[in-house]
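One line per chain: the protein sequences are E and L, in this order.
Just remember that the working numbering sits 353 ahead of the position in the first sequence, which is counted from 1.
Just remember that the working numbering sits 353 ahead of the position in the second sequence, which is counted from 1.
Glycine residues also receive a C-beta, built at the ideal position from the N, C-alpha and C atoms.
Protein chains: 2
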Amino acid sequence: MPDTFAPPSIPTVPVTPAVLDGLRAIVGDKGLILDEQGKEPFVRDWRGSLVGTAAVVVRPGTTEEVSKVVKLCYQHGIAIVPQGGNTGLMGGATPYPTHSGIVLSLGRMNKVIEVDPVGYSMTVEAGCILQTLQETAASHDRFFPLSLGAQGSCLIGGNLSTNAGGVQVLRYGNARNLVMGLEVVLPNGDVWNGLRSLKKDNTGYDLKHLFMGAEGTLGIITKAVLKLWPAPKDVATAWLAVRDPQAAIEILSEAHAASDDNVGSCELMSRAGTDVVLRHIPGVQDPLKADTNWYLLLEWSSSRPKADGAEGMSEKLEHFLAEQFETGRVRDAVIAQNEAQARNMWTIRESVAPASRAEGGGLSFDISVSTSKVPSFIDKGLKAVLEILPSIRPYPLGHIGDGNIHFSFMSPVGMDRETLRQYAPAITRAVNDLVRDMAGSISAEHGIGVDKIDELAHYRSKIELDTMRSLKRALDPKNIMNPGKILRL
Amino acid sequence: MPDTFAPPSIPTVPVTPAVLDGLRAIVGDKGLILDEQGKEPFVRDWRGSLVGTAAVVVRPGTTEEVSKVVKLCYQHGIAIVPQGGNTGLMGGATPYPTHSGIVLSLGRMNKVIEVDPVGYSMTVEAGCILQTLQETAASHDRFFPLSLGAQGSCLIGGNLSTNAGGVQVLRYGNARNLVMGLEVVLPNGDVWNGLRSLKKDNTGYDLKHLFMGAEGTLGIITKAVLKLWPAPKDVATAWLAVRDPQAAIEILSEAHAASDDNVGSCELMSRAGTDVVLRHIPGVQDPLKADTNWYLLLEWSSSRPKADGAEGMSEKLEHFLAEQFETGRVRDAVIAQNEAQARNMWTIRESVAPASRAEGGGLSFDISVSTSKVPSFIDKGLKAVLEILPSIRPYPLGHIGDGNIHFSFMSPVGMDRETLRQYAPAITRAVNDLVRDMAGSISAEHGIGVDKIDELAHYRSKIELDTMRSLKRALDPKNIMNPGKILRL
Numbered sequence: 354m355p356d357t358f359a360p361p362s363i364p365t366v367p368v369t370p371a372v373l374d375g376l377r378a379i380v381g382d383k384g385l386i387l388d389e390q391g392k393e394p395f396v397r398d399w400r401g402s403l404v405g406t407a408a409v410v411v412r413p414g415t416t417e418e419v420s421k422v423v424k425l426c427y428q429h430g431i432a433i434v435p436q437g438g439n440t441g442l443m444g445g446a447t448p449y450p451t452h453s454g455i456v457l458s459l460g461r462m463n464k465v466i467e468v469d470p471v472g473y474s475m476t477v478e479a480g481c482i483l484q485t486l487q488e489t490a491a492s493h494d495r496f497f498p499l500s501l502g503a504q505g506s507c508l509i510g511g512n513l514s515t516n517a518g519g520v521q522v523l524r525y526g527n528a529r530n531l532v533m534g535l536e537v538v539l540p541n542g543d544v545w546n547g548l549r550s551l552k553k554d555n556t557g558y559d560l561k562h563l564f565m566g567a568e569g570t571l572g573i574i575t576k577a578v579l580k581l582w583p584a585p586k587d588v589a590t591a592w593l594a595v596r597d598p599q600a601a602i603e604i605l606s607e608a609h610a611a612s613d614d615n616v617g618s619c620e621l622m623s624r625a626g627t628d629v630v631l632r633h634i635p636g637v638q639d640p641l642k643a644d645t646n647w648y649l650l651l652e653w654s655s656s657r658p659k660a661d662g663a664e665g666m667s668e669k670l671e672h673f674l675a676e677q678f679e680t681g682r683v684r685d686a687v688i689a690q691n692e693a694q695a696r697n698m699w700t701i702r703e704s705v706a707p708a709s710r711a712e713g714g715g716l717s718f719d720i721s722v723s724t725s726k727v728p729s730f731i732d733k734g735l736k737a738v739l740e741i742l743p744s745i746r747p748y749p750l751g752h753i754g755d756g757n758i759h760f761s762f763m764s765p766v767g768m769d770r771e772t773l774r775q776y777a778p779a780i781t782r783a784v785n786d787l788v789r790d791m792a793g794s795i796s797a798e799h800g801i802g803v804d805k806i807d808e809l810a811h812y813r814s815k816i817e818l819d820t821m822r823s824l825k826r827a828l829d830p831k832n833i834m835n836p837g838k839i840l841r842l
Numbered sequence: 354m355p356d357t358f359a360p361p362s363i364p365t366v367p368v369t370p371a372v373l374d375g376l377r378a379i380v381g382d383k384g385l386i387l388d389e390q391g392k393e394p395f396v397r398d399w400r401g402s403l404v405g406t407a408a409v410v411v412r413p414g415t416t417e418e419v420s421k422v423v424k425l426c427y428q429h430g431i432a433i434v435p436q437g438g439n440t441g442l443m444g445g446a447t448p449y450p451t452h453s454g455i456v457l458s459l460g461r462m463n464k465v466i467e468v469d470p471v472g473y474s475m476t477v478e479a480g481c482i483l484q485t486l487q488e489t490a491a492s493h494d495r496f497f498p499l500s501l502g503a504q505g506s507c508l509i510g511g512n513l514s515t516n517a518g519g520v521q522v523l524r525y526g527n528a529r530n531l532v533m534g535l536e537v538v539l540p541n542g543d544v545w546n547g548l549r550s551l552k553k554d555n556t557g558y559d560l561k562h563l564f565m566g567a568e569g570t571l572g573i574i575t576k577a578v579l580k581l582w583p584a585p586k587d588v589a590t591a592w593l594a595v596r597d598p599q600a601a602i603e604i605l606s607e608a609h610a611a612s613d614d615n616v617g618s619c620e621l622m623s624r625a626g627t628d629v630v631l632r633h634i635p636g637v638q639d640p641l642k643a644d645t646n647w648y649l650l651l652e653w654s655s656s657r658p659k660a661d662g663a664e665g666m667s668e669k670l671e672h673f674l675a676e677q678f679e680t681g682r683v684r685d686a687v688i689a690q691n692e693a694q695a696r697n698m699w700t701i702r703e704s705v706a707p708a709s710r711a712e713g714g715g716l717s718f719d720i721s722v723s724t725s726k727v728p729s730f731i732d733k734g735l736k737a738v739l740e741i742l743p744s745i746r747p748y749p750l751g752h753i754g755d756g757n758i759h760f761s762f763m764s765p766v767g768m769d770r771e772t773l774r775q776y777a778p779a780i781t782r783a784v785n786d787l788v789r790d791m792a793g794s795i796s797a798e799h800g801i802g803v804d805k806i807d808e809l810a811h812y813r814s815k816i817e818l819d820t821m822r823s824l825k826r827a828l829d830p831k832n833i834m835n836p837g838k839i840l841r842l
């Protein structure tokens, strides 16, 4: 994150009493939050590390209201910070301290408009909570695969605006791959109706992919048509002690065929990451101890229910693990025998973030490289960081099948946050230089927001940045839509 | 297609002798085609229905040469028509008769740069023939799923620029879903290096999706990192006589679970479409006769080899078809017992286009609607067209699982092309109005090019068209990159 939460040059047109009256005429009193206490959850990011300000939080109830609000702001040049569940990790949804405009929260637009189980799609408003959508799909015997830590409070509009990742990307792709159509309110207030339930549509430029991942800087996603999949009916979950990350990659490479192409998740864990969860999260069991630092959470799933006597996912996985044990890649393994054991394994994976916060300060980098280069990245990255601060405690983890590692470190025992902070710039530079040298990404799934705006400017070419700026200027000539995020103009 | 091949307003700066010298200095004599006979295959579309012109055909051998050629053209305001294998169906790669600039052919850039079987990726130049890439992947025990009729001569750069579809979209997605990274020469000649082997990369706007589907109007794709999949090892192919399109949709909906999520292809066929193939294509066998007009080519495949005694894809498919027979959806079915029988089924599907050409004139619409609406679309569409011309002979077919139907008609027996042409505008309007009313797409996979430029302008909203124009102007301010395709500025 930047040392100071200092904004680039952004519009500072204030919300006048007349504009406020205009906003009230559009959304009514129930759609406006003016008191400081009410605004507080919308102007502070959930990590508590960034606090900004806003003249007013506007909560429209319909696309038409969003459009009218944006038109009013466009007319006056007032800056808008669109916000979903405010669970982002990069400050993209948090207004700057110098922000003089509005926060536009989508939270009231939370209707599921249509579910089409035969067509495997679902049309929803942007303010639906992710977990609600997972449950809606399940109630129709369908599966909406997007799954991540914040799912109980993040909103689908934010997930799509940030092209969220999570633990099902390996099989189903990022958030952008789960979308057939979008409705977007453009920076001038016009509504682009691209709300099509179409798997194929080659009619000109693909606008929807431009808005996904743009973090609200090109427009406000108000509705989406989401793809659904068959509900999983036969799931096998295993915890593997593996030789090293190279073994993990090779195991995954062979798992595709062995599972009938049904690998769902493949998450790398370390002994240190597991131990920090065991220390801080009550009720968690250690699935197995083994003479290795590396573990793998491997899940296979099929929508075909296991028939009596037939080979199911568990049997296939068991045969596979026996073979992998013979190769020396797997040191030991346990397959969950029931839902509770599977849940325990997932709890370990999902509790690393809160457990490491409980442990104290740390550093984490959301990087990706080509999948086959992950072992080499971990190797070189650990060497580079430990050279700078030998007592730092690494616990790399994450979506190894996507080439996406959360390259994470706990503070050395006894070191306070202020001291660690002095090492942070050198460590960040070392990690990100290595990412660049290995043709990787400095933000695999968390985005840019505010926190990585300087790093993006440092690591991406002028040509790439200029191309992005051209697009921004073309769609948002007044620079009112989440200004100063992703790019400095 | 438009009645006349008349261009919108496009730049008409000529290639002067000085510019020609400049081009020669960049690509050498071997990279220039100046004689009319040599240029002919590059200025005529492969259907033979559009013939344009070009001052010179330029065939660069490297990205650096492409960049220099484009820089030279940019400097002088000379229009460029980028071209792959020239197999497009919408005239997007064909220069206009008033074109005064160059055709830039990628055909010499045909190197496979790297294959990474462990990372499931392959880095290639834009001029590689699609079939070569399929074979390259297979030689590494991997699968590159893009598969379509022109695969023996189309180039991957063109496939990506048009976001090609084909018969594997149901499982693997359109061409854009098969790509991890791109290298693109921008309209000003700058090279955007987005050639990343990354499954996840949330660092600002997703530029690659903007260039895919842009039909060469925003830049020239010069290299790509393609995703690979495990090679299929156990494939079951069946030909089903089905009650009607609604039955086909329901069969597919249940096939996902029954196949362990391994449905590869699901292609709708009709009796009329099959018969036209049997009439014109030698050596093809009719898989089965049944009392229905509707057939389905269904293929399940897994990368897991069938183990002795274990249930393989064929056995699963057989059980499934027996169940579907009980429901009345399937009237009869045959599972291919060997590669030759499977090949015969695929030959029927792939030969519909050449067979219908041999049959004489016709009309075809590449439409998509929400998958669950396909039966209703076929029903209403047939009624509307037969009302205009009762003796026209429909043979709808295609990618029913993608909601994408090639809504095709043979000329009435004995009617000449000129007479049919008089009915074409009314039929086109009826079909496309229905597509619009059902929130579908007037070009599911073939794109816009020249042929559908007026229809796009008619059926898409002003807001959508204006947004596309803003993007075009932002990236190609001099309008030199495939001008007058997709959009009129």
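- Residue environment analysis places residue 417/L among the exposed positions, since fewer than 16 neighbouring C-beta atoms fall within 10 angstroms of its C-beta.
- Residues of chain L whose Cβ lies closer than 9 Å to the Cβ of residue 545/E are, in chain order, 814, 816, 817, 820.
- Ranked by Cα distance from residue 608/L, the options 675/L, 623/L, 382/L are led by 675/L.
- When the Cα atoms are used, residue 575/E and residue 829/L turn out to be separated by approximately 30 Å.
- Residue 773/L: member of the alpha helix (DSSP H) spanning 770 to 790, first to last residue.
- DSSP lists 457/E as the beta-bridge partner residues of residue 435/E.
- When DSSP reads this structure, residue 759/L sits in a beta bridge with 719/L, 750/L.
- For residue 628/L, there is no enclosing beta strand (DSSP E); the enclosing alpha helix (DSSP H) has its first and last residue at 624 to 633.
- In the three-state scheme derived from DSSP, where H, G and I count as helix and E and B as strand, residue 576/L is classed as strand.
- Excluding its 5 nearest sequence neighbours in each direction, residue 669/E has C-beta neighbours in its own chain below 8 Å: 589, 611, 612, 613, 653, listed in chain order.
- Taking a Cβ-Cβ cut-off of 7 Å, the neighbours of residue 558/L in chain E comprise 563, 566, 567, 821, 824, given in sequence order.
- For residue 602/L, same chain residues with a beta-carbon under 8 Å away, outside a window of 5 residues either side, are 724, 725, 727, 728, 753 in chain order.
- For residue 795/E, at least one C-beta of chain L is nearer than 9 Å to its own C-beta.
- Listed by position along chain L, the residues whose Cβ is nearer than 9 Å to that of residue 518/E are 553, 555.
- Contact annotation, residue 427/E with residue 541/E: C-beta distance approximately 5 Å; criterion of less than 8 Å satisfied.
- Beyond the five residues adjoining it in sequence on each side, residue 631/E comes within less than 7 Å, by CB distance, of 637, 639 in the same chain, given in chain order.
- The stretch 465 to 474 of chain E and the stretch 362 to 381 of chain L do not touch, with fewer than 3 CB-CB distances between them shorter than 8 Å.
- When DSSP assignments are scanned along the stretch 466 to 511 of chain L, the uninterrupted stretches of alpha helix (DSSP H) that are 4 or more residues long and fall wholly within it turn out to be 483 to 492.
- When secondary structure is reduced to three states using DSSP, residue 803/L falls in the coil class, being assigned neither helix nor strand.
- Taking the CA atoms as reference points, residue 649/E sits about 36 Å from residue 671/L.
- By the criterion of a C-beta distance shorter than 7 Å, residue 779/L is surrounded in its chain by 741, once the five residues flanking it on both sides are discounted.
- Residues of the stretch 720 to 753 of chain L with a C-beta atom less than 8 Å from some C-beta of chain E are 721, 722, 723, 724, 725, 726, 752, listed in chain order.
- For residue 441/E, no beta strand (DSSP E) encloses it, and the DSSP letter there is neither H nor E.
- Interface criterion met: the Cβ of residue 658/E is under 9 Å from a Cβ in chain L.
- Neighbours of residue 490/L in chain E, taken as residues whose beta carbon is under 9 Å from its own, are absent, since the nearest beta carbon is some 14 Å off.
- Under the 10 Å beta carbon count, residue 811/E is surrounded by fewer than 16 other beta carbons and is classified as exposed.
- When DSSP assignments are scanned along the stretch 365 to 424 of chain E, the uninterrupted stretches of beta strand (DSSP E) that are 3 or more residues long and fall wholly within it turn out to be 409 to 411.
- Taking a beta-carbon distance threshold of 9 Å, residue 598/L does not count as an interface residue toward chain E.
- Counting only runs of at least 4 residues, the stretch 640 to 693 of chain E fully encloses the following alpha helix (DSSP H) elements, listed from N- to C-terminal order: 666 to 680.
- Taking C-alpha positions only, residue 577/L is separated from residue 532/L by approximately 7 Å.
- Using a Cβ distance threshold of 9 Å, residue 591/L and residue 698/L count as a contacting pair.
- Proximity of residue 759/L to chain E, defined by a Cβ-Cβ separation below 9 Å, is not satisfied.
- Here residue 816/E really is in contact with residue 543/L; their C-beta atoms are around 5 Å apart, less than 8 Å.
- According to the DSSP assignment, residue 740/L belongs to no beta strand (DSSP E) but to the alpha helix (DSSP H) extending over 727 to 741.
- Counting along the chain, residue 567/L sits inside no alpha helix (DSSP H), nor does DSSP assign it H or E at all.
- Within the stretch 451 to 471 of chain E, 469, 471 place their CB atoms closer than 7 Å to a CB of chain L, listed in sequence order.
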